[in-house]
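Numbering (this note's numbering), first residue to last: 62 to 266.
Right, dumping it as structure tokens:
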């Protein structure tokens, strides 16, 4: 019995030592990123007499995660636990879209849900893809978004504008920081194209 107690004591000591080693080791650090598109085009000469409500963007469930998403060969999809967006990408890109449209000067006001002001038109959108494509020889950031402008004053909520945009931006080095830079460029191109199309669309004033 005494020998049994000694063996148990040795086992407990070994486990405690192992735990100390794990606790003392340096943990892997998470890195957080933000997509912040920069608008560089000239502002509209005069705003259109439109109060535009911009709803929160929807997002495909495949990409509804703060973790960066990668597509690899063989139809594999992976998420990166240690490299993440600081906030949910749908919230992040909604905030950036509202800021972009305000800076465009195309509309008299950009409204958010919860405003007491009745909008002239409502912009809705969906992020259909936001990932790093590593399935081929050339890594790339893929950004796909779809938008609708709805006239909610009509009985059937008539759609007065729709547009789909896809951007594929090569990634120089296949690391998370460069991937987010490429994603940012892709979002900039999508938002610029959306702004141009909205400016040309026969939206009511």
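From the three backbone atoms N, C-alpha and C, an ideal C-beta is built for every residue, glycine too.
Query	Result
Can you pull the DSSP bridge partners for residue 124?	None, per the DSSP bridge assignment.
Could you give the residue range of the alpha helix (DSSP H) that holds residue 239?	237-261
Identify which residue in 158, 167 and 108 has its Cα closest to the Cα of residue 173.	158
Could you tell me the distance, in whole angstroms, from the CA atom of residue 112 to the CA atom of residue 168?	7 Å
Would you kindly work out how many angstroms separate the C-alpha atoms of residue 203 and residue 223, rounded to a whole number?	20 Å
Can residue 144 and residue 237 be called in contact, C-beta distance under 8 Å?	yes
Given that a residue counts as buried once 16 or more other Cβ atoms are within 10 Å of its Cβ, and exposed if not, what is residue 231?	exposed
Any C-beta of chain D sitting closer than 8 Å to the C-beta of residue 223?	The structure shown contains no chain D; it holds only a single protein chain.
For residue 105, which residues from the same chain have a beta carbon less than 8 Å from its beta carbon, with the 5 sequence-adjacent residues on both sides left out?	165, 166, 167 and 260
DSSP beta-bridge partners for residue 22?	What is shown of the chain runs 62 to 266, which leaves residue 22 out entirely.
Distance, Cα to Cα, residue 82 vs residue 89?	Any reading at residue 82 must be qualified, since the residue scores a pLDDT of 39, below 50, and its modelled position is unreliable; no value is offered.
Residue 252: buried (16+ other C-beta within 10 angstroms of its C-beta) or exposed?	buried
Taking the alpha helix (DSSP H) that residue 118 falls in, what are its first and last residues?	Per DSSP, residue 118 belongs to no alpha helix (DSSP H) and is neither H nor E.
Would you list the residues sitting across from residue 183 in a DSSP beta bridge?	114 and 211
Between residue 128 and residue 141, is the Cβ-Cβ spacing less than 8 Å?	yes
Leaving aside the five residues before and after residue 150 along the sequence, list all residues of the same chain whose C-beta is less than 7 Å from its C-beta, in chain order.	120, 124, 188 and 191
Which first and last residues belong to the alpha helix (DSSP H) in which residue 157 is found?	150-165
Could you work out which residue in 263, 264, 248 and 258 is closest to residue 98 when comparing CA atoms only?	248
Can you tell me whether residue 304 is buried or exposed, with buried defined as 16 or more other CB within 10 angstroms of its CB?	Since the displayed the chain opens at 62 and closes at 266, residue 304 lies outside it and no answer follows.
Mapping the DSSP letters down to three states, classify residue 135 as helix, strand or coil.	helix
For the beta strand (DSSP E) holding residue 228, just list the boundary residues, first then last.	219-231
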